[in-house]
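Going by numbering that gives the first Met the number 0, the letters in the sequence shown line up with residues 0 to 340, in that order. Comments concern the structure below.
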Amino acid sequence: MKKFNGRLGREKTPAGSGSARTRAAAGASSTSAFSFPGIASLLILLPCLGLLLAAVGCSARPFGGGGESGPSWRGLPPEGAVLGEIKPAGEDEFLKGEYAAARPLLTNAGRGGSLRAVYMLRVIVENGLDGTAPDPALASRFVALLAASKDVLQGLADRGPVADRPVYEAALAMLYLRGEAGVERNMALAAELARKSSDGGFGPARNLLAAILLSPLADSGRGGRSDAFELTSRMAAAGDALAMGNLSFLYRMGIGVDAEPFQASSWARAAADKTPNTPRVYNDLGVFYEEGRAVTQDLAEAARWYAAGAARGYQPARDNLARLRSGGRSGAPSFFTGIEY
């Protein structure tokens, strides 16, 4: 901002009219009339302009460029407490399972300070739901950003618009489950928040709640395993990509239900045929064909599915494919054992 000086706004005084003191006083009065209201107006308007820009995905703060992994993700602005209440562009696409379309929109909103956008981005990038390779490192950066704003998330979960609270409850539950980035793990609180979010209608919280209930740290017992199976079954039947792969895992391992290899392979195939999906299910199908579980053993078909997972950057699929191609089949195939959320 240019510096105001004593000449700004001063009216010329005709030569010989009035004393020097009178002319100086008139000049000071005129300067004051121009300067202070102008500064006050700017101070009032600038924060409003910043919020407006951020709401459409542009940050008024100097985050810089660099995409998702660049310097633009150094941190969230203080106005996150306000921006978090604005539904970000990309949220509708996320909830409809249109993850490839949602990701760039959520990225812009996250850079503008939307906490809920950052949470949804974590779900997409950690699981590769948009057709790219899973990126746990970038997901951890998003977790760290949310952890740094934990108090803001708590305020929004407690006092934000009722319809929006389940999103923030899920984000907090995820932080307490993981126990990362300075947030102490608290499985009881994680389960409580995830259940509230699930009951509040936020579908993705059901995969999260299932993961919490099945964690060995949760000590939820047989009832927790049954609840996790029921939650996952409902989400899978509704077509949720993560839940379909998770349900295959539960049937394969006999968690919350009797082990049923046929159901496990059927759900893995259904998940693999779905768009979008996660690369984990390609690897799982490869394991079924390699071992002949509920399907006719077929090493060529196993290699085909491993190759599909490897093409998506999924490391267990790469390991299994390399093992098959080298002719070595010693040891058990590598596959993910857990719930994706």
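Note that the Cβ used here is the ideal one computed from N, Cα and C, for glycine as well. Keep in mind that this is a model prediction, so the values were computed, not measured.
field: Where the alpha helix (DSSP H) containing residue 278 begins and where it ends
entry: 278 to 290
Nearest-angstrom Cβ-Cβ length linking residue 283 and residue 267, presumed shorter than 8 Å: That pair is a contact at about 5 Å.
field: Option nearest residue 232 by Cα separation, candidates 135, 138, 264 and 246
entry: 246
- prompt: Among 117, 135 and 114, which residue has its Cα nearest to the Cα of residue 312?
  reply: Measuring from the Cα of residue 312, the nearest candidate turns out to be 135.
- request: Check whether the region 115 to 123 touches the region 133 to 149, counting contact only when three or more Cβ pairs, one atom from each stretch, lie closer than 8 Å.
  value: yes
Close beta carbons around residue 189, own chain, < 7 Å, minus the five adjacent residues each side: Only 172, 175, 176 and 211 meet the Cβ criterion.
query: Taking C-alpha atoms, which residue in 296, 192 and 126 lies nearest to residue 152?
result: 192
query: By how many angstroms is the C-alpha of residue 145 removed from the C-alpha of residue 114?
result: 7 Å
- prompt: Quick one: what does DSSP say residue 317 is sitting in, helix, strand or coil?
  reply: helix
- request: Return the chain-ordered list of same chain residues with a C-beta closer than 8 Å to the C-beta of residue 129, the five sequence neighbours on each side being excluded.
  value: 98, 99, 101, 102, 123 and 275
message: If you reduce the DSSP assignment to three classes, tell me which class residue 233 lands in.
response: Three-state result, residue 233: helix.
task: Have a look at residue 179 and residue 133 and give me their C-alpha separation to the nearest angstrom.
output: 19 Å
- request: On a CA-only basis, which of 261, 306, 279 and 260 is nearest residue 242? Give me that one, please.
  value: Ranking the options by Cα distance to residue 242, first place goes to 279.
message: Whole angstroms are fine: how far does the CA of residue 264 sit from the CA of residue 292?
response: 8 Å
- prompt: In three-state DSSP terms, what is residue 340?
  reply: coil
query: Would you call residue 160 buried or exposed, if buried means 16 or more other Cβ atoms sit within 10 Å of its Cβ?
result: exposed
task: Compare the C-alpha of residue 194 against each of 206, 183 and 184 and name the closest.
output: 206
Straight-line gap, residue 304 to residue 165 (C-alpha atoms, nearest Å): 37 Å
query: Based on Cα-Cα distance, which residue from 88, 94 and 296 lies nearest to residue 106?
result: 88
task: Starting from the C-beta of residue 281, find all residues in its chain whose C-beta is less than 8 Å away, skip the five residues before and the five after it, and write them out in chain order.
output: 271, 304, 305, 307, 308, 311, 313 and 316
query: CB residue 213 to CB residue 338, shorter than 8 Å?
result: Taking a C-beta distance under 8 Å as the contact criterion, residue 213 and residue 338 qualify as a contact pair.
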